[in-house]
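Protein chains: 2
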Amino acid sequence: MTATLKVARFPESSPPKACKVALLGFGTVGSSVARLLSARDHELPFQLTHVYNRDVARKRVDWVAEDVQWTEDFDDLLNSDAGVLVELVGGLQPAYEWVKKALLAGKAVVTANKQLIAHHGTELLALAREKDLHLGFGACVAGGVPVIAALQDGLAGDRLYKVRGILNGTCNYILTRIEQSGASFADALLEAQKAGFAEADPTDDLEGYDARAKLVILSRVGLNAEVRPEEVACRSIAGVAQIDFEYAHQLGCTIRQISRAELHDDRLYASVEPALVPQTEPLARVAGSQNLLVSTGEFGGETVFAGFGAGGNPTAVAVVSDLLHIARHKPRENDAAPSARYKVSSDFETPHYVRFVIQDKPGIIAAIAGVLSRNGINIDSVLQKPGCSKSELPFVMTLESCSSAKVSQAVTEIGRFDFLKSTPFVMPILR
Amino acid sequence: MTATLKVARFPESSPPKACKVALLGFGTVGSSVARLLSARDHELPFQLTHVYNRDVARKRVDWVAEDVQWTEDFDDLLNSDAGVLVELVGGLQPAYEWVKKALLAGKAVVTANKQLIAHHGTELLALAREKDLHLGFGACVAGGVPVIAALQDGLAGDRLYKVRGILNGTCNYILTRIEQSGASFADALLEAQKAGFAEADPTDDLEGYDARAKLVILSRVGLNAEVRPEEVACRSIAGVAQIDFEYAHQLGCTIRQISRAELHDDRLYASVEPALVPQTEPLARVAGSQNLLVSTGEFGGETVFAGFGAGGNPTAVAVVSDLLHIARHKPRENDAAPSARYKVSSDFETPHYVRFVIQDKPGIIAAIAGVLSRNGINIDSVLQKPGCSKSELPFVMTLESCSSAKVSQAVTEIGRFDFLKSTPFVMPILR
Numbered sequence: 002m003t004a005t006l007k008v009a010r011f012p013e014s015s016p017p018k019a020c021k022v023a024l025l026g027f028g029t030v031g032s033s034v035a036r037l038l039s040a041r042d043h044e045l046p047f048q049l050t051h052v053y054n055r056d057v058a059r060k061r062v063d064w065v066a067e068d069v070q071w072t073e074d075f076d077d078l079l080n081s082d083a084g085v086l087v088e089l090v091g092g093l094q095p096a097y098e099w100v101k102k103a104l105l106a107g108k109a110v111v112t113a114n115k116q117l118i119a120h121h122g123t124e125l126l127a128l129a130r131e132k133d134l135h136l137g138f139g140a141c142v143a144g145g146v147p148v149i150a151a152l153q154d155g156l157a158g159d160r161l162y163k164v165r166g167i168l169n170g171t172c173n174y175i176l177t178r179i180e181q182s183g184a185s186f187a188d189a190l191l192e193a194q195k196a197g198f199a200e201a202d203p204t205d206d207l208e209g210y211d212a213r214a215k216l217v218i219l220s221r222v223g224l225n226a227e228v229r230p231e232e233v234a235c236r237s238i239a240g241v242a243q244i245d246f247e248y249a250h251q252l253g254c255t256i257r258q259i260s261r262a263e264l265h266d267d268r269l270y271a272s273v274e275p276a277l278v279p280q281t282e283p284l285a286r287v288a289g290s291q292n293l294l295v296s297t298g299e300f301g302g303e304t305v306f307a308g309f310g311a312g313g314n315p316t317a318v319a320v321v322s323d324l325l326h327i328a329r330h331k332p333r334e335n336d337a338a339p340s341a342r343y344k345v346s347s348d349f350e351t352p353h354y355v356r357f358v359i360q361d362k363p364g365i366i367a368a369i370a371g372v373l374s375r376n377g378i379n380i381d382s383v384l385q386k387p388g389c390s391k392s393e394l395p396f397v398m399t400l401e402s403c404s405s406a407k408v409s410q411a412v413t414e415i416g417r418f419d420f421l422k423s424t425p426f427v428m429p430i431l432r
Numbered sequence: 002m003t004a005t006l007k008v009a010r011f012p013e014s015s016p017p018k019a020c021k022v023a024l025l026g027f028g029t030v031g032s033s034v035a036r037l038l039s040a041r042d043h044e045l046p047f048q049l050t051h052v053y054n055r056d057v058a059r060k061r062v063d064w065v066a067e068d069v070q071w072t073e074d075f076d077d078l079l080n081s082d083a084g085v086l087v088e089l090v091g092g093l094q095p096a097y098e099w100v101k102k103a104l105l106a107g108k109a110v111v112t113a114n115k116q117l118i119a120h121h122g123t124e125l126l127a128l129a130r131e132k133d134l135h136l137g138f139g140a141c142v143a144g145g146v147p148v149i150a151a152l153q154d155g156l157a158g159d160r161l162y163k164v165r166g167i168l169n170g171t172c173n174y175i176l177t178r179i180e181q182s183g184a185s186f187a188d189a190l191l192e193a194q195k196a197g198f199a200e201a202d203p204t205d206d207l208e209g210y211d212a213r214a215k216l217v218i219l220s221r222v223g224l225n226a227e228v229r230p231e232e233v234a235c236r237s238i239a240g241v242a243q244i245d246f247e248y249a250h251q252l253g254c255t256i257r258q259i260s261r262a263e264l265h266d267d268r269l270y271a272s273v274e275p276a277l278v279p280q281t282e283p284l285a286r287v288a289g290s291q292n293l294l295v296s297t298g299e300f301g302g303e304t305v306f307a308g309f310g311a312g313g314n315p316t317a318v319a320v321v322s323d324l325l326h327i328a329r330h331k332p333r334e335n336d337a338a339p340s341a342r343y344k345v346s347s348d349f350e351t352p353h354y355v356r357f358v359i360q361d362k363p364g365i366i367a368a369i370a371g372v373l374s375r376n377g378i379n380i381d382s383v384l385q386k387p388g389c390s391k392s393e394l395p396f397v398m399t400l401e402s403c404s405s406a407k408v409s410q411a412v413t414e415i416g417r418f419d420f421l422k423s424t425p426f427v428m429p430i431l432r
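Keeping their order, the protein sequence lines are chains G and D.
First residue of the first sequence: 2, per my numbering; consecutive thereafter.
First residue of the second sequence: 2, per my numbering; consecutive thereafter.
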């Protein structure tokens, strides 16, 4: 049985088109928003008035209502009677200027631009509040999974102190492919690019900058903690090799790009990096390009949200949900929950995984163990798969819970030994 | 590292106590709400004014502010200056009368009473809208997991057509215990009662009436489908035996109490019953007393929500989140999304699992297969564990996808054969 999706839910009366909407950007998400508005036209109170895009002629489609104005001039939108501007051009400039101008001109804004909100959200939200306007950004994090609304409203009664998530579908797709097919990192990346899950320049995804912007937004909304993107440490997933999955499995874990922020005393601990995740954790079960977030509160414990974190349609759902919020609610009057600034640290106290690649000779374990011991770090286990070349031998140490900074310091010292064939690769092990 | 939860987030200025709150009921949830309000007093805009309970003297605690009035007289609350009444007495009466009186007296209401909202929600919500008041019921479904807010707001942009969930922690606890420890149904129930997960009279949980009330609310909020509780078919989990788990595992499945509602053409398909769930599904991974909901939308696909579905603290989070929503927002002005009525059916088109217990003799499979064939039902597989007594032999047939009504009809016919030692036990297999 497949659900028939043509059921008209409101066959008799359409609500009046109370809300005029201008679209700024007509790429994947923009056209999906237009399609969704068109498909639900009879049951939604929105009228699309403008579509802006550079070189707009090549974008024009015939399934959009005839009275929609297509333009390459932002001022056409700014000077129009549209009450809401949906910003989907991405990037910091000119998006920042345009959103600011729209708010100053009395227009509500909905955006899917995570970098804009991560970098300028506090200022823009203050401006929106001052002008008594909505600034919706539910589409910035986890696409169609309504985590912003959930943290901001649904879990508002709790005091959240921890968020952990898989927030970048590209990284998750690549890591899943390496795990499942034994592909090399380079091949998995190429595959992701061919499948449309990774961009030609995948830097922002692989290095963690994309996930970091989302984490900054989640910290603000969920933990009331104000943090700048550049304060959050990122480590690339590019060092993860197939053999790391073999060792991870031996340890009952898998490897995922994990974004996390935790309040502890007067600090915000935050990072985006590849990590070992126990197979029993919800975070370990996210395959392919999906997203998942676990929030933890003092009173309600752990809550899990999962679904499609990207793509035109899921992101369009988030945009239209924000539009509906604007149509249904006045801007918040009593919502000035002041975010606090904390010292930001990535120095999590956690067990660690360290993979060494060495030219084998006697005394290596003793040498490494000596450095660890001098740094006050206890070894938990030593793993070595049989059958590897003695001249380029990978083996793994797991370390008992200690500060990440200590491990970095010890690994730097160990890095000076001449038996090492490459820089040791370190990952935290989540608990 | 454990998060320290004593961090004062708003050390400098407390918001004014704009919102006076009266508590109707001081059991597990009521006292948790009071504790949460007290713990977050410096950062929440609420002042607790009244606590109502029968025989209130034995309820009084010293950690509640001194100026709170303890009373056994509902009229004290009704005639007070409290702006919001939190209804936690449960049951249909007098809760229905009291909530109605509160709304008529101009008080907003927050309730965790799922039966009240399932049976009278439409009328009470209409009354609240008429009086321009909030009626919050986020605590009615899945405790601390904010599914109501998510479906109503976060996914409002989508057109949802399916919800499936594990909505009753007691049933899930019992089924998990049978699965993990091999306990009998009776022993698992006793264990659940001792652990405080099942009530002395567990009828509402086991028969599915508790989950059904939640499903009715989810159908209204998520699918805009108006359905009365008595229209939704329920089947007890009491027939599930340890051997069903053995067969289910052979089929790559587990067994859970599943609540589901699906829009298909002009019908709402809905039921609450034990079902086989493939191990790969999120629904199969809910252990113990947790809750999980999967919603499916035309545009955004599947979204998963999971967490603590019951208990004082998680439910208190939902109540206080509703209170914050009231403090932050005006009641919805343009939210009269009219729910539609559909014909309701439990006749899902699905594969089935049927467990027979027979006195073995030749020709039994042929006899059963004959009845199935006459009813147009195809057998998918026949499973029989070795080593069982010939005089009371359990075996299982799985049937290819067909209507549940057809299977019922055929099983009734088969039930007349004298080789059967008990009524065949039927469960759908989720896909």
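Idealized CB from N, CA, C, for every residue including glycine.
Whole-number beta carbon distance between residue j and residue i, since they are thought to touch under 8 Å
i      : j      : result
D/P147 : D/T171 : Not confirmed; about 21 Å, so no contact.
G/N80  : G/A96  : Not really, about 19 Å apart at Cβ, beyond 8 Å.
D/V287 : D/I167 : 5 Å
D/L104 : D/L134 : 6 Å
D/S296 : D/L156 : 6 Å
D/L207 : D/S237 : 5 Å
G/V383 : G/V355 : Actually they do not touch by this definition, with Cβ atoms about 10 Å apart.
Outcome for residue i when other beta-carbon atoms lying within 10 angstroms are tallied against a minimum of 16
i      : result
D/K215 : buried
G/T424 : exposed
G/R229 : exposed
D/K195 : exposed
G/W99  : buried
D/V273 : buried
D/L293 : buried
D/L431 : buried
G/G107 : exposed
D/D154 : buried
G/K163 : buried
D/E263 : buried
D/P387 : exposed
G/N379 : exposed
Same chain only: Cβ atoms within 7 Å of residue i, ignoring 5 sequence neighbours per side
i      : result
G/G253 : P279 and Q280
G/K422 : V358, I359, Q360 and E393
G/G240 : F426
D/E414 : V372
Neighbourhood of residue i by C-beta distance below 6 Å, restricted to the same chain and skipping five residues each side
i      : result
G/Y174 : A193, F198, G289 and S290
G/A9   : Because the pLDDT at G/A9 is just 36, under 50, the model does not fix this residue reliably, and the point stays unresolved.
D/R61  : W71
Assigned secondary structure, residue i (DSSP; H/G/I helix, E/B strand, else coil)
i      : result
D/F420 : coil
G/S340 : coil
D/P315 : helix
G/S81  : coil
G/Q70  : strand
D/D211 : helix
D/L136 : strand
D/Q449 : Because chain D in this structure spans residues 2 to 432, residue 449 of chain D falls outside the shown range and cannot be described.
Cβ shell of residue i (< 8 Å), same chain only, five flanking positions each side left out
i     : result
D/L38 : V22, L45, F47, L49 and V321
What are the residues of the stretch 143-169 of chain D that lie near chain G, defined by any Cβ-Cβ distance shorter than 7 Å? G145, V146, P147, A150, A151, D154, G155, L156, A157, G158, D159, R160, Y162 and K163
Select from the stretch 290-302 of chain G all residues with a C-beta closer than 7 Å to any C-beta belonging to chain D, and list them in chain order. G298, E299, F300, G301 and G302
Interface positions of the stretch 199-212 of chain D facing chain G (Cβ-Cβ less than 8 Å), listed along the chain: none
Report the residues of the stretch 314-327 of chain G with a CB closer than 8 Å to any CB of chain D, ordered along the chain. N314, P315, A317, V318, A319, V320, V321, S322, D323, L324, L325 and H326
At a CB distance below 8 Å, what residues from the stretch 91-103 of chain G approach chain D? Give them in sequence order. none
Quick one: which residues of the stretch 118-130 of chain D get their C-beta closer than 8 Å to a C-beta of chain G? List them in chain order. none
Listed in chain order, which residues of the stretch 364-376 of chain D have Cβ atoms closer than 8 Å to some Cβ of chain G? none
Closer than 7 Å, Cβ to Cβ, to anything on chain D: give me those residues from the stretch 33-50 of chain G, in chain order. L37, R41 and P46
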